[in-house]
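What follows is one structure encoded as structure tokens, with my remarks underneath.
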Amino acid sequence: MSFSLTTLILVSFGYLLLLFGIAHITERGIIPKRWVRHPVVYVLSLGVYAGTWAVYGAVGMAGEFGFGFIAYYIGISGAFLLAPVLLNPVLRIGRAYQLTSLADLFAFRYRSQWAGTLVTLLSAAAILSLLSMQIKAVADSAALLSPHTSPRMVGILFSVAMILFTVLFGARHEQGGDSHQGLVIAIAFDSLVKLSALLLLGAVLLYSVFGGLSGLDQWLASTSYSPSPFSQQLNDGGWRALMLMSFSAVLVLPHMYHMVFSENPSPKALAKASWGLPLYLFLLSLPVPIILWGGIALEAPTTASFYALGTTFSLNSPALTLVMYIAGLSAASGLMIVSTLALAGMVLNHVVLPLRPPREQSNIYSWLRWVKRLLVAIIIFASLLFYDWVGSRLDFSTLGILALSGALQLLPGALAVIYWPEGNRKGLIAGLLAGAGVWILGLVLPFSYAPDLLHRLGLPVVDPSNSHIYVFASLTLNVVVFALVSLLSRTSNEESSAAQACSLGALSRPRRRELLSGSSEEFKQQLAKPLGIAVAQREIDRALTQLRLPPVEYRPYQLRRLRDQIEVNLSGLMGPSVAQDIVKHHLGFKPQAGRGSGQDIHYIEKALGDYQSQLTGLAGELDNLRRHYRQTLQNLPIAACSVGDDGEILMWNHAMERITGIAADDVVGARLNALPDQWNEMLDDFVSGEELHRHKHRLDMKGRPRWFNLHKSTLSGPDHPEGGNVVLVEDQTETRLLEDELMHSERLASVGRLAAGVAHEVGNPVTGISSLAQNLKLETDNPDILQTADQIQQQTRRISRILQSLMNFARSGNHAQANRYEPAVIRRCVDESINLVSLSGKGRSLNYQNDCPEDLMVLGDEQRLVQVFVNLLANSRDASPEGSTIRVSGKREAYSAIIEVIDEGDGIPADQLDHIFEPFYTTKGPNQGTGLGLALVYSIVEEHYGNIQVESPVSDAGQGGTCIRLKLPAYEIEDDAQERSGIVD
Amino acid sequence: MYIYRLVFLLVLAVYIFSPNILDWLIQPGTAWYSPFVAWACLIAVGFWLEWRRDPNEF
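Just so you know, the protein sequences line up as chains E and W, in that order. One rule links them: number in my numbering = place in the first sequence (from 1) + 69. One rule links them: number in my numbering = place in the second sequence (from 1) + 1.
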């Protein structure tokens, strides 16, 4: 059976176009997002790992080593089963710092561009072999299907197609953008095609050749297939080496790192992949023995590696042949596209950009895109050359071992990222060089160029069955050199801090240092130097949006966050080394003064907060304590803030928020000078001053004065060398106002006492004048003189009344007389008062209504209570219109007697309500009131431990009417009588 | 870190003895698919571990 080259080209291009179409409609958003980001798609996309090995290599290896072939799947399955401790930490670091490749991870962790470059070069060298294996698979399979076709020609055509499709798939966007969802879906589709084809072929062979499982068992039991490689004892060394290489593949192979970490939609998807990928590989390997046995049973006309095609020839099924060809093509193209894209990104970040940073004038995004396209072409062309010179002569197993053993050299460094913070860049580079040296000497050169090299050196000659010796030798040397050099050499502080940031469960403890730039606008000016103003603007706006910061940011803490975010974003765009370099040089810190500045407490708090319930054991308990003390400080009923020695606000509790009206989020991480002027002046002056306490500091806010007491204590101590202050702020405004009121009352009391004295002194001469006027009346009959004497007497009586009121007022407030209190019936007091008020000529047409219950009693001086009601009723009388009613009602409420005097007058204007109890304050006309009546009422009610309220207006219409409400302690006949008798007893 | 040491020791032990385990699984007289059954069991364990996993766990 044969196909024409044109048919194969058409089928191949048709399939690749279908793949591209799927990617295209995904990126256009036609496929729903929830499908694209579904864990099943992610798991299938990880099937890129198998490559053409799944279709061809595995069967070939099974034919030689029996079940040894599953080591290639078991190793990576183990790595995925250990995902929570092996892959999740790398995913976390990669997401946090936008590290899109292993070289990024190494350059970030080991703070070395050389580490990144070395990893890139080693990965490139190793991956060339894997890429040439894919080219070989497609070229050889096409040559089998179309015998007159040159594999070399197919290889060239396939490579050109791959360059085209890889550029179309992944190099259209700049790096650092969203993940390539179209690519992921296309690779997932590839994996599905590969799996379906293999399962289909396995099922066809099982039922058409062996007649089912029982037939297969019978066939295996027959002598037609002996000795079977499946019954041979395993090659322990080879198995272990392949398993280890496969285990490491998830971290060290560029395409696997890319698919597992860079294209990961969520940690949940990785958790599903922990069993999903092993399941996929299980299904992929299940038909392998059946295809091998089918090939043997059918005496397929190909080598075991190509039984997937050979069996279909024997079955004489062109459709099945084309399906298997497409499965191989699909596996090869998927792996090539992803590997090339991943490698191109690494070469760009770690070889091209360090050598030639992008110029300011050019459009960086477009420049990066074109360089990446060029790199894709170079990588695939290099693979083609490798295939042409070496790959075409080697079998799949050898090519696979060459690739995996080269990449394996990166495993010690990768594991040290998570598990060994002591490892340093010198150790890593030394270990990598040593391991790579043995790899080249023991595996690459003998397999590719000089087969007798090892023999000449007196070393065992290498072949696929004993290659594990050199695999282990290179790895062992790598690990030993890495460990020794790391332990013997010094690690820089920067590297230690990066190592801590990457370590499992570690928390980075950044220093709180001051940036040279004071705002996000200055960031833009600084970044415009290396990136150009447009890119700088776009990157800073993007970072501000990501951090949800305002368009212009000035707070030091937020600026440090912004700087970190810019570094992360630039790292995604041009790799961590270049990003670090740009940020370090253009967004630098001020030189540190003598001692180091404090740790960024807010940053640490935030990071600890993110851990939430992830902390367990002692760490969890300590975190609970931390939260408890933090809450205590936050909820402290006294306003408190903590200020670093550089003036940065580190803590701002709830009470402080209430007092100042400034939210903690707005000021924590900012300096004191970012506060509104009056607060800044007060706190800055106090914090920088010598005094530890300041009393009654006055702040005028919104036209109202407020007074604060300030206390501070320095934070430095034996356990806390970093300095800073904690400041307590007490709001004394109410106390101050009360004090003022008290002073006012004191002044009034003095005036009252003075008035009483004056009244007493004036009283005597007035009495004399009155007597003289009386005498005058007796000594004359002149009507004019008699009238004058009457008027004198009237005026002196008036003076006496005023003086009497004054003396009454001055006498009030003497609480000692409370001892003489007796039960007083309110109704009787009110009746007596009404009688007294009625005696006056005024207001005869008014109705006085006493609604007080008979049993309402208070403990007090009845005469003084009558005085209260007389004053209140007289006021009401004066305010009431003719014919209206003045009502006095009373009731008990719990332990209080409530008495209300309600009139139907004009009411009291609101602005006067606050003043009516002040002495000498009156709203009546001249010669009508002294302004002492209500002041006297107030004093007497106070003496009786009661209080008085005024409500005006009270009428239903809302106009006029006043209600004076007295609240006095009620007297209870039985209880109080018992108590009194008890006291007597 | 104790849990990680334990996991590390377990993984090392499984890795070292894996050829012997596979040899035992493919010894004469056993079904050809025995290694696949063992592998399927491993996947089932992985599934169970993922299923009962605390979402806040590392």
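Every residue, glycine too, gets a C-beta built ideally from N, C-alpha and C. Quantities reported herein were computed from a predicted structural model and do not represent experimental measurements.
With 16 other Cβ atoms within 10 Å as the buried cut-off, status of residue i
i	result
residue 244 of chain E	With a pLDDT of only 46 at residue 244 of chain E, under 50, the local geometry of the prediction cannot be trusted, and no value is derived from it.
residue 884 of chain E	Below a pLDDT of 50, predicted positions are generally treated as unreliable, and residue 884 of chain E, at 46, falls in that range; no measurement from the model is reported.
residue 220 of chain E	buried
residue 83 of chain E	exposed
residue 921 of chain E	buried
residue 422 of chain E	buried
residue 142 of chain E	buried
residue 396 of chain E	buried
residue 914 of chain E	exposed
residue 518 of chain E	exposed
Min CB distance residue i to chain E below 7 Å
i	result
residue 11 of chain W	no
Residue i to residue j span [Cα, whole Å]
i	j	result
residue 2 of chain W	residue 488 of chain E	The predicted position of residue 2 of chain W is uncertain, since its pLDDT is 49 and thus under 50; a value taken from the coordinates is nonetheless stated next. Their Cα atoms are separated by approximately 10 Å.
residue 205 of chain E	residue 263 of chain E	17 Å
residue 246 of chain E	residue 333 of chain E	Residue confidence for residue 246 of chain E is low, a pLDDT of 48 falling below 50, so the modelled location carries little weight; the figure read from the coordinates is stated next. Rounded to whole angstroms, residue 246 of chain E to residue 333 of chain E spans 14 Å at the Cα level.
residue 743 of chain E	residue 719 of chain E	13 Å
residue 174 of chain E	residue 323 of chain E	12 Å
residue 639 of chain E	residue 645 of chain E	7 Å
residue 1050 of chain E	residue 1036 of chain E	Model confidence at residue 1050 of chain E stands at a pLDDT of 48, short of 50, so the residue's coordinates are unreliable; what they give is reported in the following sentence. Answer to the nearest angstrom: the Cα atoms are 26 Å apart.
residue 495 of chain E	residue 554 of chain E	7 Å
residue 279 of chain E	residue 301 of chain E	23 Å
residue 446 of chain E	residue 232 of chain E	6 Å
residue 973 of chain E	residue 897 of chain E	23 Å
residue 933 of chain E	residue 1004 of chain E	13 Å
residue 509 of chain E	residue 201 of chain E	17 Å
residue 182 of chain E	residue 188 of chain E	10 Å
residue 964 of chain E	residue 1038 of chain E	6 Å
residue 403 of chain E	residue 308 of chain E	27 Å
residue 626 of chain E	residue 675 of chain E	12 Å
residue 367 of chain E	residue 320 of chain E	40 Å
residue 48 of chain W	residue 145 of chain E	16 Å
residue 306 of chain E	residue 13 of chain W	15 Å
is_contact[residue i, chain W] using C-beta, thresh 7 Å
i	result
residue 340 of chain E	yes
residue 305 of chain E	yes
residue 154 of chain E	yes
residue 283 of chain E	no
residue 308 of chain E	yes
residue 136 of chain E	yes
residue 422 of chain E	no
residue 344 of chain E	yes
residue 197 of chain E	no
residue 353 of chain E	no
residue 150 of chain E	yes
residue 220 of chain E	no
residue 322 of chain E	no
residue 311 of chain E	no
residue 347 of chain E	yes
residue 302 of chain E	yes
Option in the options with minimal Cα separation from residue i
i	options	result
residue 670 of chain E	E:152, E:582 and E:864	E:582
residue 768 of chain E	E:800, E:480 and E:530	E:800
residue 624 of chain E	E:316, E:76, E:637 and E:589	E:589
residue 114 of chain E	E:284, E:346, E:90 and E:285	E:346
residue 270 of chain E	E:374, E:330, E:473 and E:380	E:380
residue 94 of chain E	E:234, E:804, E:254 and E:208	E:254
residue 87 of chain E	E:340, E:386, E:252 and E:842	E:252
residue 426 of chain E	E:647, E:131 and E:911	E:647
residue 710 of chain E	E:687, E:283, E:756 and E:943	E:756
Any non-hydrogen atom of the ligand GDP closer than 6 Å to residue i Cβ
i	result
residue 189 of chain E	Ligands are entirely absent from the displayed structure, and the ligand GDP is therefore not among its contents.
| query | For the stretch 19-40 of chain W, which residues have a CB atom closer than 9 Å to at least one CB atom of chain E, in sequence order? | reply | 19, 20, 21, 23, 24, 26, 27, 28, 29, 32, 33, 34, 36, 37 and 40
| message | Short of 8 Å Cβ to Cβ, which residues in the stretch 365-390 of chain E face chain W? | response | none
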